[in-house]
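Count along the sequence shown from 1, then add 80; that gives the number in this note's numbering. Glycine included, each C-beta is placed from N, C-alpha and C at the ideal position. For reference, the structure discussed in these notes is given below.
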Amino acid sequence: MPVPELFEIVLRVKDVAVSAAFYREAVGLTPRWEPTEDWAGFWCGDPASKKWLGLNKRDLLFEEHSPLPEGARFGPVHFALYLPPDQIEPALARLRGYGVEVLGPHRFKSSDFHGLSYYFYDPDANLVEFWFPEPNAAPR
């Protein structure tokens, strides 16, 4: 049986235009479509992989079935984006040029991956990580 792969992450945001500008300009993601007042989507890596990040400010499908009460269903999350090691300086310069505080680096060394991580917050207090594998280390 195939192992499921990550397909999408949808973040609840306060202002789609502000968050879309952040992910397009500061993070460098490519838009999937022209943002609307309620939705924006960005490719995470090669569009052929179909992996994407969504930004949404309206109700999600089946939200009313959540075991959590309204107002407590969503909150800041953490996720990581992979970049090759030769992109450390350009990626961090892009963030800093947009006025983003970059935290780190933090070095990970484990049996299955080695790399450097840098962290930053988006406009909705989600903790985003840029993960760069160390040369000769497999991506996690």
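Check, Outcome
"Check F102 in the structure and name its three-state DSSP category.", "helix"
"May I have the straight-line CA-CA distance separating S129 from P84, to the nearest angstrom?", "13 Å"
"If we call anything under 7 Å between Cβ atoms a contact, is L135 one with V107?", "no"
"With a threshold of 8 Å on Cβ separation, who are the neighbours of D95 within its own chain once the five nearest residues in sequence on each side are excluded?", "K137, P203"
"How many whole angstroms separate the CB atoms of H194 and P213, which I take to be in contact at a CB cut-off of 8 Å?", "7 Å"
"May I ask you to list the residues that DSSP assigns as paired with G195?", "F188, P213"
"Applying the criterion that 16 or more other CB atoms from any shown protein chain within 10 Å of the CB defines a buried residue, is F159 buried or exposed?", "exposed"
"Is any heavy atom of the ligand SAH found at a distance shorter than 6 Å from the C-beta of A160?", "Among the components of this structure there are no ligands whatsoever, and the ligand SAH is therefore not found."
"Could one say the Cβ of F87 lies closer than 7 Å to chain B's Cβ atoms, at least one of them?", "Structure shown: chain B not included; a single protein chain is present."
"Which partner residues of N136 appear in the DSSP bridge assignment?", "R92, W119"
"When the distance is taken between beta carbons, is Y103 closer than 7 Å to F122?", "yes"
"Please classify F142 as buried or exposed, where buried requires at least 16 neighbouring CB atoms within 10 angstroms.", "exposed"
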